[in-house]
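Q:
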Amino acid sequence: MGHHHSSSFLSLSLLLIIQSAAATCRLRNHTVTLATPHPTITTPTPTPIPAPTITTPTPIPSPSPAPGPSGKATAPVSSGPGVGSIGSICKHTDYPDVCLRSILPYLEANGGLPLDPATAFHAEVIACQTEAKVAKSIAAKMAADPTTSSDTVECLQICIENYDDALDNIDKAVAALAKKDLGTVNTMLSAALTDFSTCDDAFGELPATDSPMASYDDKLNKLSSNLLAIVQDLLM
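Next up, the structure:
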């Protein structure tokens, strides 16, 4: 009886060992297939589209004004009632070439002014005043020169006084024009014209003596004469 139980136990133990070994063998031989990972999807980076280049057209420059008698460009001629070119204003004067040469530099330095008789008058006034101051300065320098004769110095002193009087009369003419007192304008400009002539008259009384101020006085007489003519344009 004891021998029978021992044999059964051995048989059972042997069966368990064989089953365990077989299970182990099956486990070793079993291949586990892992799930294939999903492929990584790479989103392509979009290539930026360059913005179109906008080219600003180069502006076409305006044509340059034609050069005037001085070689520099003159202001364009305005148009309209009562407004004309400086040439049309100067042609009414006794000395149109002097008129143009004296007015154009003023217009070139002050572009944009209307080309009318009032502008021409103002420009001619400045030219006349400037020339009178130069003449006065030259006369004073000659009068102060010790080598100048006493008779000539006396005449030069008369010239200096008359240049001062002329400048004062021109200032009065400008002030009268601002008040539209054209009668006084004419009177003062006529007086200035007389003042410039008086300088040469003083030298005319000296025998065989030419006036050293003759060229200055000639130009001043022409400028003041033109001023009188331009004033007549203002009256029209």
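Numbers -23 to -1, 1 to 213, taken from mature numbering (1 follows the signal peptide of the UniProt record, and there is no 0), label the letters of the sequence shown in order. Even glycine gets a Cβ: it sits at the ideal position worked out from N, Cα and C. In this text, all values refer to a predicted model and were calculated from it rather than measured experimentally.
#1: What does the alpha-carbon distance come out to for the pair Ala120 and Asn146?
#2: Pro73 to Cys67, Cα distance in whole Å?
#3: Applying the criterion that 16 or more other CB atoms from any shown protein chain within 10 Å of the CB defines a buried residue, is His(-20) buried or exposed?
#4: Could you pull out every residue in the same chain whose Cβ sits closer than 8 Å to the Cβ of Ser202, ignoring the five residues on either side in sequence?
#5: Can you tell me which of Met165, Asp172 and Val151 puts its alpha carbon nearest to the alpha carbon of Phe98?
#6: By the three-class DSSP mapping on this structure, what secondary structure does Ser174 have?
#7: Assign Ala155 to one of two classes, buried (16 or more other C-beta atoms within 10 Å of its C-beta) or exposed (fewer than that).
#8: How big is the Cα-Cα spacing for Ser79 and Val102?
#9: Leaving out five residues before and five after Ala168 in sequence, what residues of the same chain have Cβ atoms less than 6 Å from its Cβ?
#10: For Leu197 and Cys105, which I take to be in contact (beta-carbon distance under 8 Å), what is that distance rounded to the nearest angstrom?
#11: Is Gly88 helix, strand or coil by DSSP?
A: Reading from the atomic positions:
#1: Numbered from 1 along the sequence shown, position 143 holds the residue referred to as residue 120. Numbered from 1 along the sequence shown, position 169 holds the residue referred to as residue 146. Answer to the nearest angstrom: the Cα atoms are 24 Å apart.
#2: Counting from 1 along the sequence shown, the entry for residue 73 is found at position 96. Counting from 1 along the sequence shown, the entry for residue 67 is found at position 90. Straight-line Cα distance between these residues: approximately 5 Å.
#3: Numbered from 1 along the sequence shown, position 4 holds the residue referred to as residue -20. No answer about His(-20) holds up, because its pLDDT of 48 lies below 50 and its placement is not dependable.
#4: As a working note, residue 202 is residue 225 in the sequence shown. Take Ser202, set aside five residues on each side of it, and the residues of its chain with a beta-carbon closer than 8 Å to its own are Thr70, Asp71, Tyr72 and Leu170, in chain order.
#5: In the sequence shown, the residue the question calls residue 98 occupies position 121. Minimum Cα distance to Phe98 is reached at Val151.
#6: Residue numbering aside, residue 174 sits at position 197 when the sequence shown is read from its first letter. Three-state DSSP puts Ser174 in a helix.
#7: For the purposes of this step, residue 155 is identified with residue 178 of the sequence shown, where counting begins at 1. Classification of Ala155: exposed, given that the 10 Å Cβ count is below 16.
#8: Residue mapping note: residue 79 aligns to position 102 of the sequence shown, counting from 1. Residue mapping note: residue 102 aligns to position 125 of the sequence shown, counting from 1. Roughly 9 Å separates the two Cα atoms.
#9: Your numbering for residue 168 matches position 191 in the sequence shown. Excluding positions up to five away in sequence, the list reads Asn146.
#10: In the sequence shown, the residue the question calls residue 197 occupies position 220. In the sequence shown, the residue the question calls residue 105 occupies position 128. Correct: roughly 7 Å between the Cβ atoms.
#11: Locating residue 88 in the sequence shown gives position 111, where the first residue counts as 1. Here Gly88 sits in coil by DSSP.
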